[in-house]
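Notes follow once the structure below has been shown.
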Amino acid sequence: HFLASARGGLLLRAAPLFSLASSARSLPAASTSLALLAHHRHRQAAPKTTLAGGSTMDPPGADAYWNRETSKHGEGYSGKVIKEARIVCLSDPDDKDNEPLYRGGDKLPEGSSVLAVGTALEDFDLEALKEAQPNVVFVSHPKARGPLPDLLEALPSVDWVHARSAGVDFITSDSLSSITAQNNVTVTNAKGCFSSTLAEYTMMACSYFAKDLPRLLKNKKAKDWDRYDVEEIRGKTLGVIGYGDIGRACAKLADAYGMEVLALRRNTKKSLHDPYVKEVFGLDRLNLLMSKSDYILIAAPLTEDTRGLVGAEAISHSKDGAVIINVGRGPIIDEEALVDALQDGTLKGAALDVTTIEPLPKESPLWELDNVLLSPHNMDKTATFSLEAAEMFLFENVPRYVRGE
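With the working numbering applied, the sequence shown covers 645 to 1049.
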């Protein structure tokens, strides 16, 4: 997990990550188990929030982000501008969602300017840029993984890279890790911008299986007045793998539905006083979370540590009738093991907004399974989501950067 991308209150920048050379794998993994009390504002009695395994170390810059649900533009920073933000955009010049950034002039935050826009190294006049000393690269082009390290190599004055998306797997590479470590470049993303709609999808997915929506649609088409028993979501357990901004937004809605929430995260201590969570597990307790959860939500980023995390062994520990929901990244699940479990009844169903290969190949058995809800990686794709992410960079991150925050 590229940590320091966690989501909490409004602090420095929008969602700082460690330099990509410093992945979560380098963090210490404590094996201690702590049982501590946390006040739960939605309960008359304050239950225990149990922290089990994982790291209890607070990484530098953790919980430093801007969140669209709880924050307002222009709040949380103050003081004088002490440096410039000279921005190079590794982006499509025709991307209308970046219009607030491209239009420039007095519409940009104080102390900032856009020097160049392009999608490949040859689009930029590197000699002219070297003289201009750019210090910020804004990335939104989906094929930026190749040119980004080369651009940073050519422009050593850059000390900050910002990705317009929440996921950064489209830019990560060994070359990027090396150059960001060498040049002490901070990498940030747009976490805090996409959580609410994915939380809504998660609860819809729970209802889809609890109320047997496919059966309703089939009966309507057949004009069949078939009354059947449904399940309640209230009282069920939602286990969240990857309890960051998205995971917590889902937990908030699940709590409102009367569900019990379990969380799995590397740094368990960060959820000590979380009002929505009953138990927090370290990554070494994955099988335990699987065994306790009626609905298993995957909301983690794709890293070396999370690739294949939910495999055949973890799935074999799942509760009878469990449903897996994936809004993180497809390769976090062993898709072959998932299909087997869906076919043999180990799992009741799966709701997948992401798959290992996208678009999902037509020969994939997932298309044919009646107990699978599929969406084309679009459950956070509102009409304005990319525009809002660009505005967050421009009107929240940049003003903090030029003030040295």
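Even glycine gets a Cβ: it sits at the ideal position worked out from N, Cα and C.
Counting C-beta pairs with one atom in each stretch, the region 984-993 and the region 951-965 have three or more that are closer than 8 angstroms, which means they touch.
A direct Cα-to-Cα measurement between T763 and A788 gives close to 7 angstroms.
Contact check for I815 against I885 fails: the beta carbons are separated by 8 angstroms or more. Cβ contact annotation for A995 (same chain, cutoff 6 angstroms, sequence separation greater than five): A849, I969 and L1017, in chain order.
A straight-line Cα-Cα distance of about 10 angstroms links A898 and E844.
Following the DSSP letters along the chain, one finds R730 inside the beta strand (DSSP E) bounded by residues A729 to L734. Under the DSSP definition of a beta bridge, E904 partners with T881. When the Cα atoms are used, E876 and N833 turn out to be separated by approximately 37 angstroms. Distance check between I959 and each of R871, D949, A944 and Y939 places Y939 closest, using alpha-carbon atoms only. Apart from sequence neighbours up to five positions away, the residues of its chain that approach G811 with a beta-carbon distance below 8 angstroms are N833, P945, L946 and R973, ordered along the chain. Within the region 742-827, the beta strand (DSSP E) runs of at least 3 residues that lie entirely inside it are, in chain order, 756-762, 780-783 and 804-807. Close CB contacts of M847 within its chain, under the 6 angstroms cut and outside five residues either way in sequence, are with L897 (chain order). Here DSSP, grouped into helix, strand and coil, assigns N863 to helix. H806 places its beta carbon less than 8 angstroms from that of F1037. Judged by their CB atoms, L795 and L765 are nearer to each other than the 8 angstroms cut-off. Under the criterion of beta carbons closer than 8 angstroms, A825 and Y1045 do not qualify as touching, at roughly 20 angstroms. When beta bridges are read from the DSSP output, Y939 appears opposite L882 and V967. Taking all protein chains shown into account, G718 has fewer than 16 neighbouring C-beta atoms within 10 Å of its C-beta and is therefore exposed. Pairing W804 with N779 gives a Cβ-Cβ distance under 8 angstroms. For T846, the enclosing alpha helix (DSSP H) covers residues S839 to A854. Counting the other Cβ atoms within 10 Å of the Cβ of V954 gives 16 or more, which makes it buried. Contact check for Y746 and P1043: beta-carbon distance about 18 angstroms, past the 8 angstroms limit, so the pair fails to qualify. The beta-bridge partner set that DSSP reports for A985 is empty. Across the structure, T881 and T1000 are spaced so that their CA atoms are roughly 26 angstroms apart. Here the alpha carbon of D1024 sits roughly 27 angstroms from the alpha carbon of E923. In the DSSP assignment, A958 falls within the alpha helix (DSSP H) that extends over A956 to S960.
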